[in-house]
Each structure stands twice: as structure tokens, then as C-alpha cells.
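Protein chains in written order, with the numbering used here: chain V, 631 to 815; chain E, 379 to 1118.
The structure under discussion appears below in the form of C-alpha cells.
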Amino acid sequence: MNAIVQAAQALPAMDGSQGLEEQQQYLTFMLSGETYAISILRIKEIIQYGQLTEVPRMPDFIRGVINLRGAVVPVIDLSARFGKQPTAIGRRNCIIIIEVALGAETQSVGVMVDAVNAVMEIPASEIEPAPTFGTNIRADFIAGMGKINGKFVIILNIQHVLSMDDMAALATAGSAPSAELVQAG
Amino acid sequence: MIPDEYLQTFVVECKELLEQMEEALLIVEQAEQDPEIINAIFRAAHTIKGSAGMFGLDPVVEFTHAAESVLDRVRSGEVAMTSVLAALFIEAHDHLKELIGHVAEGSHPAEATDNHGKTLIARLEAYLGETPAEQPGNSGSSDNSGEMPVIQTANVEREHSDAVVGTDLWHLSLRFGPEVFRNGMDPFSFVRCLASLGSIEELVTVIDAIPAAAQMDPESCYLGFEISFSSDADKLAIDSLFNFVRSDCFIRILPPRSKASEYQRLIQELPEQEMRLGEILVKCGTLTPEELDNILRLQSQHGDAPQRPIGEVLVEQQMVSSPVVEAALAKQQQVKDNKKSEASLIRVDAEKLDELINLVGELIIAGAGTNLIARRAGMAELMESTATLSRLVEDVRDSALALRMVQIGGTFNRFTRVVRDVSKELGKDIDLVISGGDTELDKTVVEKIGDPLTHLVRNSMDHGIEAAELRLARGKSAKGTLRLNAYHDAGSIVIEVSDDGGGLNKEKILNKAIERGLVAEGANLSDKEIYNLIFEAGFSTADAVSNLSGRGVGMDVVKRNIQALRGSVDLDSIEGQGSTIRIRLPLTLAIIDGFMVGVGNASYVIPLDMVVECVELNAWASDEGDGQYLNLRGEVLPYRRLRDHFVIDGDMVQRENVVVVRYGEHKAGLVVDKLMGEFQTVIKPLGKLFSSEKSIGGFTILGSGEVALIVDVPGLMGQIEHEREAGEVVPFTRSGVVMH
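Spelled out as C-alpha cells, the structure:
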């Protein structure tokens, strides 16, 4: 865990300077009634929630995989990733395809959200640093607090949220309880 | 500068040559005095030197030259190829390999490497029996062996005692043929090459052959050189520089202190006018004006002599003795033969191949989609045409995959060297027996199997095979035997490493495992389970940690590496008689024939190689309580519902089916809802996120665009086994031991 946090600290330096000063466009989306934003730099595309194949024995936040033009892309349920209820499937559900750095390569990961709102400009002056506590998601997931129309939205540090090391570790741990479940049944 | 791609080709070729060289050296070391093998070593060294010279890689040229000179003497029978010398050459080979490695990386060798090279050169030169400073012309007398290099013999035993030209320099006359440029050669590179053997004292470029501008073809070469050259190299070494252009060029090499008559012949043979040539020779400093006069006088006396074949002239002149000519002819023949076999092979970038395989994969997915649409549309003609298409695509797939198949023999042969080195280090006498070298498997698998195999081989030699005294005491021959074997079995390739050593000591392993906390005390394990404990992390039974093995890292790494290739490893042992380690690997990693089954709404693909048969559950299941096994024609077949294992919701279907799968010696049933038939499956890797899930081997995309999961049968069976154990007593305190 420590290693992840350390590695994570190295990243925002790059992300932060680019994301907060030069580039100020963010995509806002809804997740169980709350608004979040992510920098559009890493977003590849947004697709409608469609045919998804579940992968057995995986933790809740790994929703499954989809076929993105011949490539198999994992889909993460962001709400479950934040430790909340898994997203209920509705009419406006979307999957945001995000490129995540994995070592020297990048991997596409889908993020399932309730609804996508808009691409907004948030000037750097309107972004406050993340509070150390008080938010209901892990502090290292937050890149900053952006002010839109006088309201705060959480700008996510998507590289941390979708950290492969972190998620794979959880997936390994996640398969154990499901094994017990099988035993009972 | 030389383009990178050529340098790459050079490196690849050198590596191949070095491999051949190593192979030959190892045979020679076994006291085989086959001249053909010595020749092979010489040729390899010679080609490396030649190509390295063209790239201006001086350290390589310098080093190879020393090796080549000694080899040449071995070849001519002056120096015997003892095992000591062979061992020296193996060291030289290693050094050369390192040098080539540096070339490939574009780095410079460390000083230690350089020094090592110099030591090796010195050791090699000791075999030359002459100090390099001596002139080849008079070194004959200082060579006390009595047997002298052929060329020098020729010099000394010359019949005529006509005037000797007083220069200490070699004289080279080069006339490049018109095709030289078109054949991709650069005359200048030869000159540069030459400079690596000595120093060029004087060089006159002969441009007399250049025609008038109107007739001149810019792609033709009209150049010639007259070179006066100081070198300690022997004639063959200088001569061999020009192997690449010999066929269409005029090349004459006169050793120092050649007779005037030889110069006279040279002048006669050269296309330019006599006077002009004479002037050039004088300009080169090869001849003094008086000597030239002398020669030209000789020339006029013999003026009417008819031209004889050059070879004959050379032999008569004893410039080269007839064995040398024969050797040269034989060499030319071999070069031609090599070219023939090269013509049937194409070197292809592995990446291009991967790209092709990927495309074929996409093609299969697209084809499956078209098939589905055709069937839905119900057009007979369209269905027929897609059926033809699928058959062709299948063929394309097979041949594309076959492109990547390589024989495992190459990998096995590398172990000849490992066994030699390690047995020396250990002071054991061990024979390596290789069989099944022609078994083919995917290139990517071959590349990744080398390290684990090395480890297993070393381990067998270190811990498996006993010391000679102990072997004799146990009534075995003092010489240990290590076997490498490969064969195909049920869609996988099996690689066996076996030794006739002491075998594994069950007690010792069990005690160690209990001590290390790998196994609970009092656990009841079968022999096989005990043996396979050695693949656990942190396990080592060697009492003393040796340089080779015994540090307790290794066997678990071996197992992990093999599992990463979707393979498995297990071990058989008979105490006192030896042990066999069996590695089972899939043939290919990219595309497989799959058998599609449905459970709930999801589709799963089971590799077809693993499927033995399909039966209906109700017809065969035993009615004995909730026991999950059935009576398959008198055989007990345990089964497992995929629905339960994968925790899939949904209603149970009326008629469940059992897919009987086999993996190695194990058979089991997987209960599924629907059987959907065969399906060509392109394996998409799991990715980091899912790699921890052992029961799934990968994803694939169905014709409908849906993603299906590929069942990893060994992984799944391991999981089931593991859960069963977890439900009963807990024999292991840690997870990870997979038993079948």
C-alpha cells in the first residue's frame, strides 16, 4: 500500500502541472447523485452502456469486460470503487473509456457512471487543493476541488482511481471471499 | 556510416555463427578430430572476421584474427586440437560473443573485457609458435616444430634462385570487377579491412580502366589499387579478406621478398600496359627503378609464352601450394552450398509475424460474425460461401501459426554447453542425451522456456546426480546421465528433464517443509505431493548452498514462469534411481480451437484439446446422495458445476451436460447448461486486472461481438482441488500448492 501511495505521489506532479495550469477542461459526470470531474486529457471516448460480459469471482467494482472494436476492455464501477453501492443500470448509464498508464504502455479502462454532464472549463484559480479529510472518498483519489457555479465538484485523480496495481491487489483479495461463498453453496 | 539494419543483420549472423562454432567446439572437445568440424569452426571465425572488418569493428577483427590464425594451423595439422586448446577456444568464443553483444547494444566493452581479450590473444598466439614481429619470409627457420605453414614453405623451397626484390613489404594488386558496386560491395571497405591486418605504406589508385564519359556506366566499378603493405599476417589471412569479391575481381598478393620473376608475371597478368604498371610499382615503393628494369628485361625474354590458367601459374610459382588451392576451391563450393540453403529461407522480423497473427485473429472474429449473419439471414448461397471462407481462414490461421513454430532442438543444444561447464565446475562426469529435438512449439514459448530449463538442468546436475564415488558405491556407472526429451501430447508439448541420480529424499523434503511451515505437521501427503513441494517458495533441501543452486530461489520461480505460459510442471522420482521433471506447455499462445459452452447467459470457451467427450448429466450421474461424481463406463469421474464455481445466477436448466476434460493424467467433468460447439478462438490476454483469477485463461470475442471467457482447465481444476482441501483438513498453511 505504501508503495502505491509513493508511486502515486510521483504522478500528479506531471498530471497536476499540465492539468491545472495549461489545460483547464474537465468532463463532469454524475455518480449516485454527486457531481465529479476528470481532466479530459486521458479520456479516449464515451460510449453508451451496452453488452457487458461479467467476469466471475471478481470484486464488485470490476463490473466486467466489453468489446471495444476488437479489444477487450475492463469496466470499473466507479461507485463501487469508492466503496459505495454498485451502480444501478439505468437509461443514461455511460462508459467513459480512459487511457491509464501501465508501466511504459497505456491500457484502456472503461469507467461506468450514472450519467455524463458536460465538458467544462475550470480555471486554475477556481481549483482548491483537496482537503485531507471530510470527503467521502479516499484522499489520494482527489486531485482537487473545482468550483463550478459556486458549488464544489471533486476533480478525480483518475490515474490513482484506476491504479492497476491497487485494483489487481483488490481483485486477488476479492477472489478469496467468493471462493468461500462457493464452498457454502 | 553503416545503416543500422545491416549491423543488425551482422549481429544476428554472428550470433548464429557463434552458435555453430560453439556446437562444433564442444564436439571437438570430446576428442573428435574430424577435419570437417575444424573447418566449420574456422569458417565461422573467418566469416565473422570478414564481416566485422567490413563494418570497421576493429576489436572484433583483431581478436578473431588471432583465433583464426591458430585455427588455420590446426586445420593444416601443425597444431593438434587438444581438449586444452578446445577449451581455450570456447573461452575465446565466449569473449567474442561478448564483443558482439557490445556491438549489438552499441556499447563499449569494459576495460576488464578488453584485458581479458588481450590475455586470450596472448594465449592463442602462444600456439602460433612465432613472435608476431618476425617476417613471414624468414620465420621458417625460427619455427622449431619443423612443420611450417604451407606458404612459408613455398617461399623457402623456391626452385629458381633468381633475383629477389629487396622490399620488406607485401605487394597487392587489386582490380575490382565491374559488378562490385552492384553486388553491394564497397572497394574502400576492403582497403579499410586491410588496414586492420597491418599498415598500408603506399596506395596508388589505378583509374586506367575508366572509359570515356560517354561509355561510362556509373554503376560499374572501374577501380584498381596497387598497394604496398606492411604486415605480419600470413598470406592466407590477407587473401581471405577478399573472399567476397574474389569471383569477379583480379587479386594478386606478393609476399615480401618475392622474386623478380613473380613481379614480372604480375605485370604480365595485369590489364594495364607494362610500362605504366612498372611506374606504379615504383611509385608504390615496391620496386626500385633498377629492379623494374631487370623485370622488364625478363619480361621481353618470355614475351611469347602463352597465357596459362592463373591457378596453374600460381602453383608453379609456388606462391600457393596445391593443397591451398584445393582448400580454396572447396571453400568456394561450400560458400555456394550455403547460398543455396540460404535462398530457401527468409529472415522475417518477429514483429511482422506477430502483426500477421493478430490480423488473422481479427479475420477469424470477423469471419465468425459473417457466419452468424449468414445463418440468421438463411440464404443458402451466402451460407455456402461463408463456409468456404471459414475453411480458408482456418487454413490461413494454421499456416500463420506454423510460421511461428520452431523446433526445440536449438534450445536443447544450448544445454550441451551448460552441461559441459557445470560438470567441470562440479567435478562430475555427466553426459547429456537429447531426444525429441524436432518437436515444434511456438517461438514465444521457446524464448521463455530457456531460463526455467537452465535452472532445472543445473539443479539436476548439482543435486540430482551424485559424485562419482557415491555413484560407484551405489553400483552405478561413474558417469552420470542427464536427459532432455520433448514430445507432443494432447495439445500440449511435454519437456522432460531427467537424471539418473539419487532421486529425491521424501523424508528430507517433508521435514524441511514442516520446518519451513509449508506443511502442517502430521499432514498426510502422497509421494507426488511431497515431491512437488520443492516448487514452493523458500524451499531448498541442499545442505550446503553451492554456487549453482541451493539458495531456495529457483524452483518456485521455475514454476511461476511455466505457469505464466499456461503450463504446468511436476516431478517424478524414484529414490536411488533418479528423477524426472515434466514441463507441460501449450503449443501456441495466440489462437486455439475452442469448445463453446453456455452457463446462464454467459458463454465460456473450453480449449478443445482438453475436451474428451460430452455426456448428458442425468443419464450418467450417480444417484448416491450429493456426491459430485458420476460413473462413466465404470470409471469414477468427479464433476463440478461451472454455475456453482463461477457463482452465476439464473435458473438451473432441465438437461445439464457434462464436458469431460482431460489435463495430463487427470480427468474431470464440467457441468454446463448448453453445448454450443466448436469455435475458433483468438486468445485476448487477461490483462493485469484479471491475471490473479486462475480459472480463466483469457478472453475471446464471439461473432456476435460479445466477449466470452476462456476456461483455464488446469487452473480451474487446481482451484476446485484447493477449495476441497480448504473445506476439509487444512494440510497447507499457505495457498499456492496446486495438486492434480
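Every residue gets a Cβ at the ideal spot worked out from N, C-alpha and C, and that includes glycine.
Terminal residues of the beta strand (DSSP E) in which residue i lies
i	result
Leu963/E	956-964
Met974/E	969-977
Tyr1017/E	1013-1019
Glu579/E	576-584
Cys724/V	724-732
Val741/V	735-743
Ser813/E	808-813
Thr658/V	655-661
Asn1035/E	1035-1041
Through-space distance from residue j to residue i, alpha-carbon basis
i	j	result
Ala799/V	Val739/V	17 Å
Ile688/E	Phe433/E	Reliability of the predicted coordinates at Ile688/E is poor, the pLDDT of 48 falling under 50, and the value obtained from them is presented with this limitation in mind. Rounded to whole angstroms, Ile688/E to Phe433/E spans 31 Å at the Cα level.
Pro686/V	Ala773/V	32 Å
Leu1008/E	Leu1094/E	19 Å
Met988/E	Ser447/E	57 Å
Glu640/E	Asp617/E	17 Å
Val702/V	Val1060/E	12 Å
Ser876/E	Val462/E	30 Å
Met797/V	Ser669/V	21 Å
Glu503/E	Lys802/E	25 Å
Asp807/E	Val797/E	10 Å
Pro753/V	Val783/V	13 Å
Glu604/E	Ile588/E	16 Å
Val1025/E	Arg1102/E	16 Å
Glu383/E	Ile778/V	56 Å
Gly976/E	Met794/V	30 Å
Met761/E	Arg753/E	6 Å
Ser1069/E	Gly945/E	15 Å
His1100/E	Leu896/E	15 Å
Ala445/E	Leu506/E	10 Å
Val811/E	Thr794/E	9 Å
Asn522/E	Glu456/E	Legend: pLDDT at Asn522/E = 40, less than 50; position of this residue unreliable, no value from coordinates given.
Gly930/E	Val824/E	Because Gly930/E carries a pLDDT of 46, less than 50, the predicted location of this residue cannot be relied on, and no value is offered for it.
Ala769/V	Arg711/V	13 Å
Asn747/V	Glu740/E	35 Å
Ile405/E	Leu737/E	44 Å
Gly602/E	Pro565/E	9 Å
Gln678/V	Ser777/E	39 Å
Ser609/E	Ala942/E	57 Å
Nearest-angstrom Cβ-Cβ length linking residue i and residue j, presumed shorter than 8 Å
i	j	result
Ile969/E	Leu750/E	Their Cβ separation, rounded to whole angstroms, is 19 Å, which puts Ile969/E and Leu750/E out of contact at 8 Å.
Gly972/E	Thr822/E	Not quite, the Cβ-Cβ distance comes to about 20 Å (not below 8 Å), so this is no contact.
Gly1046/E	Arg1019/E	Here residue 1046/E turns out to be Ala, not Gly, going by the sequence shown. So it is not a contact: roughly 12 Å between Cβ atoms.
Gln785/E	Gly756/E	That belief does not hold up - the Cβ atoms of Gln785/E and Gly756/E are roughly 47 Å apart, past 8 Å.
Gly978/E	Gln681/V	Actually they are not in contact, since the Cβ atoms of Gly978/E and Gln681/V sit about 15 Å apart, beyond 8 Å.
Met974/E	Gly1055/E	6 Å
Val993/E	Val1038/E	7 Å
Glu407/E	Ala464/E	4 Å
Asp1022/E	Glu1034/E	Contact flag wrong, Cβ pair sits at about 12 Å.
Gly431/E	Cys571/E	4 Å
Ser870/E	Arg962/E	5 Å
Delimiting residues of the alpha helix (DSSP H) encompassing residue i
i	result
His790/V	788-791
Asp690/V	Careful: Asp690/V lies outside any alpha helix (DSSP H) and carries neither H nor E.
Asp948/E	From DSSP, Asp948/E is part of no alpha helix (DSSP H) but of the beta strand (DSSP E) over 946-952.
Lys884/E	884-893
What are the uninterrupted segments assigned as beta strand (DSSP E) that are 3 or more residues long and contained completely in the stretch 416-449 of chain E, given in chain order? Counting whole runs of 3 or more residues, the stretch 416-449 of chain E contains no beta strand (DSSP E) stretch at all.
With a floor of 3 residues, list each beta strand (DSSP E) that falls wholly inside the stretch 1046-1085 of chain E, ordered by position along the chain. Fully enclosed beta strand (DSSP E) runs of 3 or longer: 1052-1060, 1074-1079.
When you compare the stretch 724-742 of chain V with the stretch 691-704 of chain V, are there three or more beta-carbon pairs, one atom per stretch, that lie closer than 8 Å? Flag = yes, the stretch 724-742 of chain V and the stretch 691-704 of chain V touch.
Mind the definition here: the stretch 904-912 of chain E touches the stretch 882-889 of chain E only if three or more C-beta pairs lie below 8 Å; say whether that holds. With a cut-off of 8 Å, the stretch 882-889 of chain E and the stretch 904-912 of chain E count as touching, because enough Cβ pairs lie within range.
Three or more C-beta pairs under 8 Å: does that hold for the stretch 1084-1103 of chain E against the stretch 1067-1076 of chain E? Touching, yes.
Report yes or no: do three or more beta-carbon pairs, one from the stretch 553-572 of chain E and one from the stretch 620-636 of chain E, lie closer than 8 Å? With contact defined as three or more Cβ pairs closer than 8 Å, the stretch 553-572 of chain E and the stretch 620-636 of chain E are in contact.
Tell me, please, whether the stretch 894-910 of chain E touches the stretch 841-856 of chain E by the rule of three or more beta-carbon pairs shorter than 8 Å. Put simply, the stretch 894-910 of chain E does not touch the stretch 841-856 of chain E. Fewer than three CB pairs are less than 8 Å apart.
Contact the stretch 385-401 of chain E vs the stretch 417-428 of chain E: 3+ CB pairs below 8 Å: As far as the Cβ criterion goes, the stretch 385-401 of chain E touches the stretch 417-428 of chain E, which means the pair count is three or higher.
Segment contact flag, the stretch 653-669 of chain V with the stretch 746-766 of chain V, C-beta cutoff 8 Å, min 3 pairs: The stretch 653-669 of chain V, when compared against the stretch 746-766 of chain V, does touch it at the 8 Å Cβ threshold.
Determine contact between the stretch 878-885 of chain E and the stretch 940-959 of chain E, defined as no fewer than three beta-carbon pairs at a distance below 8 Å. Using a Cβ-Cβ distance cut-off of 8 Å, the stretch 878-885 of chain E and the stretch 940-959 of chain E are in contact, since at least three pairs of beta carbons, one from each stretch, lie closer than that value.
Pick out the complete alpha helix (DSSP H) segments inside the stretch 708-784 of chain E, 4 residues or longer, and give them in chain order. Counting whole runs of 4 or more residues, the stretch 708-784 of chain E contains the alpha helix (DSSP H) stretches 728-755, 758-781.
Give the list of continuous beta strand (DSSP E) stretches no shorter than 3 residues that lie fully inside the stretch 784-860 of chain E. Residue ranges of uninterrupted beta strand (DSSP E) with 3 or more members, entirely inside the stretch 784-860 of chain E and ordered along the chain, are 808-813, 818-820.
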